[in-house]
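Residue numbering for the sequence shown follows my numbering, beginning at 496 and increasing consecutively. Report on the structure given below.
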Amino acid sequence: MTNNGVKIIELPKFTDPRGNLSFVEQLNNIPFEIKRTYWVYDVPGGEARGGHAFRENAEFIIALSGSFDVVVDDGKSKKKFILNRSYYGLYVPKGVWREMENFSTNSLAIILSSTCYNANDYIRDYDVYKKMKNDGKI
Ligand code: TYD
Numbered sequence: 496m497t498n499n500g501v502k503i504i505e506l507p508k509f510t511d512p513r514g515n516l517s518f519v520e521q522l523n524n525i526p527f528e529i530k531r532t533y534w535v536y537d538v539p540g541g542e543a544r545g546g547h548a549f550r551e552n553a554e555f556i557i558a559l560s561g562s563f564d565v566v567v568d569d570g571k572s573k574k575k576f577i578l579n580r581s582y583y584g585l586y587v588p589k590g591v592w593r594e595m596e597n598f599s600t601n602s603l604a605i606i607l608s609s610t611c612y613n614a615n616d617y618i619r620d621y622d623v624y625k626k627m628k629n630d631g632k633i
């Protein structure tokens, strides 16, 4: 797929014998204001989360611990990003279908979001998503 604005963003990393430190600042490291933070954890082996797209919400996904894959899809083709370090994350703009899968044991995904939770912002039907993409409605 063309990347549709999806990209890995590397975060500052302060390595230190006492332990490393990274951070993320809104409108500095990531191109949106953070309205919400949520996290996904205790995912049983083989499970997938987040098969959907958002009409408005953009997000930044970090594997704070462990690893998982984020598969992004623009309705024509897919691309897989492997997240396994806490000093970078995946920026996913609005309008991109994405799914998280292949979670390692004890992995922890944190998702910074540009909007507050709104069930109406979700597009959960892939065929509907594809049609909206084809029609230029998203
Ligand atoms: P959802 O985003 O639907 O997860 P998935 O796409 O992996 O199934 O979230 C699951 C439920 O959690 C959803 O029904 C409502 C609730 N939820 C909130 O209340 N606030 C939030 O910020 C999120 C992300 C989910």
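All C-beta atoms, glycine included, are put in the ideal place defined by N, C-alpha and C.
Asked                                                                                          : Found
Rounded C-alpha distance that separates residue 579 from residue 520                           : 20 Å
Top-ranked residue by Cα proximity to residue 498, from 528, 569 and 598                       : 569
Any 3 or more C-beta pairs closer than 8 Å across the segment 560-567 and the segment 585-598  : yes
Limits of the alpha helix (DSSP H) - the one that residue 612 falls within                     : Per DSSP, residue 612 belongs to no alpha helix (DSSP H) and is neither H nor E.
heavy atom of the ligand TYD below 7 Å from residue 545 C-beta                                 : yes
Buried or exposed by the 16-neighbour rule on C-beta atoms within 10 Å, applied to residue 509 : exposed
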